[in-house]
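So the sequence shown is numbered by my numbering: it starts at 9 and just counts up by one. We put the CB at the ideal spot given by N, CA and C, even for glycine.
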Amino acid sequence: MSSEEAPKDLKSSARRQSSIINASTTAAASKQSAKAKDTSDYVKITKAILDFEILTLQAKKQLLEDLSLMSDDEKKETLFLLLDKDMDGSLDAVELADGLRKVRGDVSFEESLAIAVERVLQFDKEGEGKLSLEDFGSFVETLSEALGASFHELSELLVMQVMFAEGNTDMEDLAGAIVEDQVTEAIKEEEVALKAIADKRMKVLFHLFDADHSGRVDFKEVVVGMFKITEDAAGASKAALMALLMFDENSDRSLDYEEFARFMITIVAASSQSATFDDVADAMTLLAGQEVQLAPEEIKSLYELNESVQTLLSIKEEQEILENVSESQLTKAGSLFFMWDLDEDGVISIQELILGLRKFEQTDSLKVTVDEAIGLMETYDVDGDHNLSPTEFCLFMVQFAELAGAGLDDTLDFMIATSALETNSEAEVKFLRALTDGDIYHL
């Protein structure tokens, strides 16, 4: 055999031994979790476990013998193959986390996964939410530099640690397998977001929205900017309100550049599941750059809704009952409010309240739901306008969760999910819309 063929043999051997190690380790773990029916069955299971462990040790021994003959690139690939437990040719964050834990030894499962997610975001050049062999090579070179050495100096130690050090427990591996796909999808979404945030066109769009050049975009600026893009005043106002509720992380009633960018990414995703900011950036920038004139009634509506926004975002400071309510919980309550506010007029009427409640009470008669809605309206309609404002609705949700003996987050999550999935009876919708408030109170 010529010297030119040797590297190929080492590479093939590394692939084979790594596959044996991963497959045998998985099989042994599976057998260990099996329950024996009797003594004879227990002996069979134990023998199978020992066979797999012997096979694993033999493969590790062969890898160690080959290790000193490998080039640095072959050692990188060997390390990659050992970590690639599902042998799909890429490393997801869960697989990388197990390797990081074996190398570092001082981090928990959760901490190692968080670090791994950051590293995948940093080194994944293909946008797949995973590391290819090339990506992994860049990662280990950077890791070696951080440790004050070269990969050549650390390579054999890293391979040894990955082969023999303790990593995740069986339960942690199971937990990792459950969240693996979700983590990968979340990383891919974050990669898309980071790409859009770095896009010069996003920065131009931000400056076009930021009419007063303050470095932040407030409610009115979001409305005007969205109106230019959509030509829908009511939709623009609702989008602006959701922007402040969902993306204003420090609750200063405006969006900084990153908050604005994440809002725009969400708007694009909501408009088309297949579109990205890159697809629509030029068109959005051209529309946002045009001059538009809002009608007097639109300007009036804008300022009225702006007052509602400020009220909704300030209720935590004004109401004792909301002292222990977090900003995220207020955001969820606001989201549910706008799902129930069907005509988007900024308040929930008695008809809208009935329709919202009906999604949770479809087995009860309409009369039961009407009576309940009337009672709630009388209790929480503080200003007596026969509607629930965002403030009044939030107070209702907080007290409703307390009376139900449930957590506010769980209550809101359930109600938001149900409101999104359930539909009202067409007959009931037509019936209620045909009635005046007075008619409903006399049903």
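Check, Outcome
"Bounding residues of the alpha helix (DSSP H) (the contiguous stretch that carries LYS340)", "335-348"
"Beta-carbon gap between ALA296 and LYS236 smaller than 8 Å", "yes"
"Beta-bridge partners of ASP226, as assigned by DSSP", "SER262"
"Under 8 Å between C-beta atoms of VAL276 and PHE268", "no"
"Which listed residue (ASP393, GLU82, LYS43) has its alpha carbon closest to that of SER1", "Look at the range of the chain in this structure, 9 to 451, and you will see that residue 1 is not part of it."
"Stretch-stretch touch, CB-based, cutoff 8 Å, three pairs: the stretch 77-92 with the stretch 172-185", "no"
"Neighbour-count burial assignment, GLU142, 16 or more Cβ in a 10 Å radius", "exposed"
"Outcome for SER26 when other beta-carbon atoms lying within 10 angstroms are tallied against a minimum of 16", "buried"
"Among LYS110, GLU335, VAL288, nearest to VAL406 - alpha-carbon criterion", "GLU335"
"Cβ pair LYS196, GLY113 closer than 8 Å", "no"
"Cutoff 6 Å; reference ASP379; Cβ partners in own chain excluding five residues on either side", "none"
"4 or more residues per run - each alpha helix (DSSP H) lying fully within the stretch 81-120", "101-112"
"Neighbourhood of GLU229 by C-beta, 7 Å cutoff - its chain only, sequence neighbours within 5 removed", "PHE217, ASP218, ALA219"
"Residues of its chain near THR34, where Cβ-Cβ distance is below 8 Å and the 5 sequence neighbours each way are ignored", "LYS93"
"LEU65 - DSSP class collapsed to helix/strand/coil", "helix"
"Contact check, TYR388 vs PHE368, beta carbons under 8 Å", "no"
"Span separating the alpha-carbon of LYS438 from that of ASN395", "20 Å"
"Beta-carbon proximity of MET171 to LYS68, cut-off 8 Å", "yes"
"For ALA31, the nearest candidate out of MET292, ASP96, GLY184 (CA to CA)", "ASP96"
"Beta-carbon proximity check, LEU18 vs LEU77, cutoff 8 Å", "yes"
"Cβ neighbour criterion (16 or more within 10 Å) applied to GLY135", "exposed"
"Proximity of ALA101 and LEU71 at Cβ, strictly below 8 Å", "no"
"Neighbourhood of TYR265 by C-beta distance below 6 Å, restricted to the same chain and skipping five residues each side", "PHE214"
"Residue(s) in a DSSP beta bridge with SER357", "ASN395"
"VAL200, enclosing alpha helix (DSSP H) - first and last residue", "178-206"
"Inter-residue Cα distance where the pair is CYS402 and TRP348", "13 Å"
"Beta-bridge partners of LEU139, as assigned by DSSP", "LEU99"
"Cβ pair THR454, VAL212 closer than 8 Å", "Nothing can be reported for residue 454: it is not among the residues displayed for the chain, which extend from 9 to 451."
"C-alpha distance - SER222 paired with THR150, whole-angstrom precision", "39 Å"
"Exposure of SER11, with buried meaning 16 or more beta-carbon neighbours within 10 Å", "Reliability fails at SER11, whose pLDDT of 43 lies under 50, so the model's placement of it is uncertain and no value is given."
"As assigned by DSSP and simplified to three states, the class of ASP256", "coil"
"Delimiting residues of the alpha helix (DSSP H) encompassing ALA42", "Neither: ALA42 is in no alpha helix (DSSP H) and is coded neither H nor E."
"Host alpha helix (DSSP H) of LYS375 (start-end)", "374-388"
"Nearest-angstrom Cβ-Cβ length linking LEU374 and MET423, presumed shorter than 8 Å", "Actually they are not in contact, since the Cβ atoms of LEU374 and MET423 sit about 20 Å apart, beyond 8 Å."
"ARG441 burial status per 10 Å Cβ neighbour count (16 or more: buried)", "exposed"
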